[in-house]
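When we follow UniProt numbering, the leftmost residue of the sequence shown carries the number 1, and every step to the right adds one. Backbone N, C-alpha and C define an ideal beta-carbon position, used for all residues, glycine too.
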Amino acid sequence: MPKSHIYRILRSGEVRVNKGRIDQLYRLVQGDLVRIPPIRVAEKNEVSVPAAEFSIIFEDSHLLVIDKPAGVAVHGGSGVSFGVIEQLRASRPDAKFLELVHRLDRETSGLLLLAKKRSALTSLHEQMRDGHTDKRYLVLAVGDWKNKRQHVKLSLHKYTTADGERRVTVAADGQPSHTVFSLLRKFEKFALLEAELKTGRTHQIRVHLASSGFPIAGDDKYGDFALNKALQKADATRGALKRMFLHAHQITFTHPESGKRMTLNAPLAAECDRFLQSLGPALPH
1 MPKSHIYRIL RSGEVRVNKG RIDQLYRLVQ GDLVRIPPIR VAEKNEVSVP
51 AAEFSIIFED SHLLVIDKPA GVAVHGGSGV SFGVIEQLRA SRPDAKFLEL
101 VHRLDRETSG LLLLAKKRSA LTSLHEQMRD GHTDKRYLVL AVGDWKNKRQ
151 HVKLSLHKYT TADGERRVTV AADGQPSHTV FSLLRKFEKF ALLEAELKTG
201 RTHQIRVHLA SSGFPIAGDD KYGDFALNKA LQKADATRGA LKRMFLHAHQ
251 ITFTHPESGK RMTLNAPLAA ECDRFLQSLG PALPH
């Protein structure tokens, strides 16, 4: 069953634990009584999933870390019949276990962790929940960014639009969210930032920047739509940008078996690098 369907019945309060409503964040404990409503899923024609391999950053018997391209969903659902996980499983039919450790937006490129053993999945989930991983992104913000290092703490509320699209907005009663932005390069109308996630909320970097007045170049949900349209067209002085400029470039975690601290990097996607070069030399900051 699609995860979106499961989240929908959770949101509607149809799943009960000990006769009370719960949300998807609730963690079951021994002795809980769980009530699940009858669920009927329409018969679907089997979708043929094309096998695919992606650029591998690291692989061993416990982990697979790839460099996901922009425009590819991490899993099927919400109008997408398959994603990275389904394609990798199709290309590795002998793999007994292969699960996503975390997710990236379809429009975001960069490091994506997959577990090849359940013990690795459990270990990495615990590290992420306890704040023992370090995820960093490269992002091109629109506007005159001033500070070398800036903390953004805005609570975020997740909701679904009438047409089923996931959206996030800043709300006082939302989930606490914290991003640290460091200025790497400054241009006349843009700033290249490194975003360090202190929490891992849906669309966190995108909404934190947009709400602060510095939308991400190419962001089709929270960005400057007129500017995005202009950026898609190359001219004599500037290359085109036909995607959102957000790239998961570094992650640090403890290897689930060896216990060694690991830092992995993925180079900036070629199309983002080309656009950056077209902006010319950076300004002093």
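Proximal residues to residue i (C-beta, below 6 angstroms), its chain only, five neighbours per side dropped
{"i": "leucine 184", "result": "Leu192, Glu194"}
{"i": "valine 168", "result": "Leu156, Lys158, Thr202, His203, Val207"}
Bridge partner(s) assigned by DSSP for residue i
{"i": "asparagine 228", "result": "DSSP output for asparagine 228 lists no bridge partner at all."}
{"i": "asparagine 265", "result": "Gln250"}
{"i": "glutamate 59", "result": "Leu64"}
{"i": "isoleucine 216", "result": "Ala141"}
{"i": "glycine 259", "result": "According to DSSP, glycine 259 bridges with nothing at all."}
{"i": "glycine 20", "result": "Val17"}
{"i": "valine 34", "result": "Val17"}
{"i": "leucine 283", "result": "Lys186"}
Nonlocal neighbours in the same chain, by C-beta distance under 7 angstroms from residue i, ignoring five residues either side
{"i": "leucine 121", "result": "Glu99, Val101, Ala115"}
{"i": "glycine 213", "result": "Gly143"}
{"i": "lysine 186", "result": "Trp145, Ala282, Leu283, His285"}
{"i": "aspartate 23", "result": "Leu10"}
{"i": "glutamine 150", "result": "Phe181"}
Residues of its chain near residue i, where Cβ-Cβ distance is below 8 angstroms and the 5 sequence neighbours each way are ignored
{"i": "lysine 3", "result": "His75, Gly77"}
{"i": "cysteine 62", "result": "According to the sequence provided, residue 62 is histidine. The question's cysteine does not apply to it. Correct list, in chain order: Ala115, Lys116, Lys117, Ser119, Ala120, His255, Pro256, Glu257."}
{"i": "aspartate 220", "result": "Glu107, Asn228, Met244"}
{"i": "glycine 239", "result": "Arg274, Phe275, Gln277, Ser278"}
{"i": "valine 170", "result": "Leu154, Ser155, Leu156, His157, Val207, Ser211"}
Where residue i falls, given that 16 or more other Cβ within 10 Å makes a residue buried
{"i": "glutamine 87", "result": "buried"}
{"i": "isoleucine 39", "result": "exposed"}
{"i": "proline 93", "result": "exposed"}
{"i": "residue 294", "result": "Any question about residue 294 goes unanswered here, given that the chain covers just 1 to 285."}
{"i": "glycine 110", "result": "buried"}
{"i": "arginine 8", "result": "exposed"}
{"i": "lysine 96", "result": "exposed"}
{"i": "histidine 247", "result": "buried"}
Residue-level contact to chain C via CB, residue i, 8 angstroms cutoff
{"i": "glycine 223", "result": "As a matter of chain content, chain C is missing from the structure shown, which is built from one protein chain."}
Contact test: residue i Cβ vs the ligand MG heavy atom, cutoff 7 angstroms
{"i": "leucine 192", "result": "Of ligands this structure carries none, so the ligand MG is not represented either."}
Residue ranges of each beta strand (DSSP E) within the UniProt domain "Pseudouridine synthase RsuA/RluA-like" (62 to 211), 3 or longer: 63 to 68, 109 to 115, 134 to 142, 149 to 153, 156 to 160, 166 to 170, 178 to 186, 190 to 197
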